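Residue numbers (the UniProt record's numbering): 1 to 337.
Report on one structure; see the data block that follows.
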Amino acid sequence: MTKTMKAAVLTRFGGPDAFELREVPVPEVGPRQVRVRVHATAVNPLDYQIRRGDYTDYVPLPAIIGHDISGVVEELGSDVREFAVGDEVYYTPKIFGDAGSYAEQHVADVELVGRKPRNLTHLEAASLTLVGGTVWEAFVQRAQLKVGETILIHGGAGGVGTIAVQLAKAIGARVITTARARDHDFVHSLGTDEAIDFTAEDYVEAVARLTGGEGVNVVFDTIGGDTLTRSPLTLAAFGRVVSLVDIAQPQNLVHAWGKNAAYHFVFTRQNRGKLDALTNLVERGLVKPVIGAALPLARMAEAHELLENGTARGLRGKVVIDVSGEAVALPPARQAA
């Protein structure tokens, strides 16, 4: 194998131009690790939060970040029996502590790695690992969302929301989501039962109207701030709020008291079990990744800028990175149709 690889290296904390495309050493493979040729990765809000300096104590520079991988196993550690060279796999690298996915090759602990769904391309699979595993944990393990319950999903057209809507419907829940009016047909196509245009109507009043004043059983928050504090107003008694957002300042959650609500803050750790559950849903046709834009590794700065500002520009779904360059017709950064 070659001893070096190309990687988009974070050289400083700051704007999207903080990445440099460099030639770096390929890591050695430990006994319970695999080396994967990365075909595709994706960009997540966690990535630009790291880049701009939100987690400086946990990311020594220079760093290779990134949290989604789809690729092919090229080397096995001496104690690995679960996979063979040539297997197609997908996974999320360890968050904080190891090299990430913005590179041509990656070495991972075998316990993190799952078999790629057979019906997905590498670009589609790479869009799913962090988001899919996180939403699975949020709904199944934390909120324990049940058949027949009602869930409010904030931001149903986004990279997280598109998967959240589909997973909630696969569980058997009634789905209400917030989305701009231009995205209502799109979120309905994913399975949304009711869509609220948050730019034209207060979502608390809208939920009361749509539920006959009963409220929702679960709120899924990907926004934080005011959304985190006001969402309990939409809850039924004993409702649950699940948030993916780090609390930047103290929050007054007084509205949750009267509902006897439970709050869950999900900072997920990935494992093969979550991926296998997700793969089952994908291969049954119940969950389909949504890709909003695809770019090559050399355009990482553009990918970050697009994700940070994409909502206002109509971006739907995930921003993915074609690392291998094997896509037949790689589109430029674009708004999803």
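C-beta atoms are modelled at their ideal positions from N, C-alpha and C, and glycine is treated no differently.
These figures come from a predicted structure and were not determined experimentally.
By alpha-carbon distance to M300, the top candidate from V24, Q33, A42 is A42. Separation of I151 and N252 (C-alpha to C-alpha, rounded to the nearest whole angstrom) is 22 Å. For the 8 Å CB-CB criterion, H39 and H122 form a contact. Contact check for A261 against R230 fails: the beta carbons are separated by 8 Å or more.
Within the model, the alpha-carbon separation for A63 versus L120 is close to 29 Å.
Within its own chain, the residues whose Cβ lies closer than 6 Å to the Cβ of G66, once the five positions on either side in sequence are excluded, are T41, G100, S101, Y102, listed in chain order. Rounded to whole angstroms, L76 and E28 show a C-alpha spacing of 11 Å. If you keep only unbroken alpha helix (DSSP H) runs of at least 4 residues inside the segment 41-112, you get 45-52.
Straight-line spacing of the CA atoms in G258 and E214 works out to 14 Å. Here R269 is exposed, its C-beta having fewer than 16 other C-beta atoms within 10 Å. The C-beta separation of L61 from Y91 comes to about 24 Å, leaving the pair out of contact by the 8 Å criterion. DSSP places N260 in the coil class of the three-state scheme, outside both helix and strand.
Scanning its chain for C-beta atoms nearer than 8 Å, with the 5 sequence neighbours on each side dropped, one finds around S78 the residues P31, in chain order.
For R115, the closest C-alpha among the options G225, E283, I291 is that of E283.
The alpha-carbon separation between G71 and R37 amounts to approximately 5 Å. Residue pairing of I153 in beta bridges, as defined by DSSP: T177, F220. Scanning its chain for C-beta atoms nearer than 6 Å, with the 5 sequence neighbours on each side dropped, one finds around V59 the residues I50, in chain order.
DSSP, reduced to helix, strand and coil, places D197 outside both helices and strands of the structure shown, so it counts as coil. Residue environment for F220: buried (at least 16 other C-beta atoms within 10 angstroms of its C-beta). Following the DSSP letters along the chain, one finds R272 inside the alpha helix (DSSP H) bounded by residues 272-283. Close CB contacts of A179 within its chain, under the 6 Å cut and outside five residues either way in sequence, are with G156, A157, V187, A195 (chain order).
About 5 Å separates the beta carbon of V73 from that of V34, a gap short enough to meet the 8 Å contact definition. In this structure T234 touches V207 by the C-beta definition: roughly 4 Å separates them, less than 8 Å. The three-state secondary structure of T129, taken from DSSP, is helix. Put simply, the backbone Cα of H154 is about 45 Å away from that of K3. When N271, A126, F238, L244 are compared, the shortest CA-CA separation from A256 is found for F238. The three-state reading of DSSP puts K169 in helix, counting H, G and I together. Sequence-distant Cβ neighbours of P16 in its own chain, meaning closer than 6 Å and more than five residues away, are A301, H304, E305. Taking 8 Å as the cut-off, the Cβ atoms of E124 and V218 do not count as close. Taken through DSSP and simplified to helix, strand or coil, P232 comes out as helix.
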